[in-house]
Each structure stands twice: as C-alpha cells, then as structure tokens.
Amino acid sequence: MNSTLSKPKILVAYFSSTGITARAAEKVAAVTGGELYAILPVEPYTDADLDWTDKQSRSSVEMGDPHARPAIKVSKRDIADYDMIFIGYPIWWDLAPREINTFMERYDLKGKSVIAFATSGGSSIDNSVKALKREYPALNWKEGRLLNQPHEKMIRSWIDKLGI
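So, in structure tokens, the structure goes:
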C-alpha cells in the first residue's frame, strides 16, 4: 500500500467493446475512488468482429487461440504507482477477452492486489477468474464479482467485504 495514504491507490482498468463494462467500471471507480483506465485495442472491434455466431469473426478466432494477444494501446499512466488494480471485462466464451491477457503481461502487477469484475449475458465470472488465476498464479488475487446491473449499494457491500 502507498505509505503516504491510509487507503490504497486504486486503478480501475477495463476492456469494453460495447460500453456495458465501461458503465460498470465507472460505478466501481465512483465507489472506490479509483482512477479509470480503458484498455483499448489498437484495432477497434466492429460489429462483424464481435459476431460470436461466425466462427471466422475476429473475436471467435482470438478466443479460439489461447496464445492470442491482441495489441492494446500503451498506457501513459505508470501502473506501478497503483496498489490495487480492478480489472473489468465482458465474458467471452466463458473467459476474459484476450486483451486482458495482453494487459496482464504488459504491466508488472506483482505485489499488487488484483480484483476481477465482469459483465455477461449469461455466464458467471467463476470460470474466467479461475483461468486468470491459473495463467497468473503469482498475483495477489482478491474476490471478483459479476456486475451485470451494478448499483452503488451492491458494489459498496462487495468493496467492504474486500476491506477497502
């Protein structure tokens, strides 16, 4: 934790292709006092890219390849300045989109508390978090949460359970 503050310095990083996860991230940032950071792909997604029914769509191809790491824009923020990183994403194919892996591998998150939150049309967050923990076991993972229709009271209850 940042020695000059009693509260940790919080970053709310998120990837959102349609805006739903961005709205959840804004609510998490409002409750935690965290700073928002959009994880942006270098090449934005089109509606055709997001067509999960098309096995040749960009999202289908990326999610079918566990080693895919789509390019993301470089942050001008110093991620090392933060003690706690909330990472938000839509659940794709029961997993976090590959942009989340790109972010996790680009920045050194060791020694930081990492908390996942997600939005989904029908999946739980459990499998995506298990996969992230398996991929990045050295990180200090805290309890994540599915935030499909988040409201302040629900987010505050979750944050209080985390001890923030």
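Every number in the numbering used here is 68 more than the matching position in the sequence shown, counting from 1.
Just so it is clear, CB atoms sit at the ideal spot from N, CA and C, and this is done for glycine as well.
(request) Look at L207 and L230 and say whether their C-beta atoms are less than 9 Å apart. (result) Their beta carbons are not under 9 Å apart, which means L207 does not touch L230 by this criterion.
(request) Can you tell me the Cβ-Cβ gap for S196 and A148, rounded? I've got them flagged as a contact below 8 Å. (result) Not confirmed; about 25 Å, so no contact.
(request) From the DSSP output, read off the bridge partner residues of Y82. (result) According to the DSSP secondary-structure assignment, Y82 is paired through a beta bridge with A106 and G156.
(request) Using three-state DSSP, classify A139 as helix, strand or coil. (result) In the structure shown, A139 adopts coil according to DSSP, grouped into three states.
(request) Determine the extent of the alpha helix (DSSP H) in which T170 is found, giving its start and end residues. (result) Segment R166 to R174, the alpha helix (DSSP H) holding T170.
(request) State yes or no: is the C-beta of K95 within less than 9 Å of the C-beta of E211? (result) Not in contact: K95 and E211 (Cβ atoms no closer than 9 Å).
(message) Within the continuous alpha helix (DSSP H) that includes N195, where are the two ends?
(response) D194 to E203
(request) Under 8 Å by Cβ, that's how I've got P246 and I88 pegged, so tell me the actual separation to the nearest angstrom. (result) In the structure as shown, the chain starts at 69 and stops at 232, and residue 246 therefore has no counterpart that could be examined.
(message) Tell me the DSSP secondary structure of K178 in three-state form.
(response) coil
(request) Mark T121 as exposed unless 16 or more other C-beta atoms lie within 10 angstroms of its C-beta, in which case mark it buried. (result) exposed
(request) Go ahead and pull the three-state DSSP assignment for N70. (result) Low confidence applies here, because N70 scores a pLDDT of 47, under 50, leaving its location unreliable and the question unanswered by this model.
(message) Using a Cβ distance threshold of 8 Å, determine whether the stretch 135-154 contacts the stretch 109-117, with at least three qualifying pairs required.
(response) yes
(request) Return yes when the Cβ of W209 is within less than 9 Å of the Cβ of I193, no when it is not. (result) At least 9 Å separates the beta-carbon of I193 from that of W209.
(request) Report the three-state DSSP secondary structure of A184 (helix, strand or coil). (result) strand
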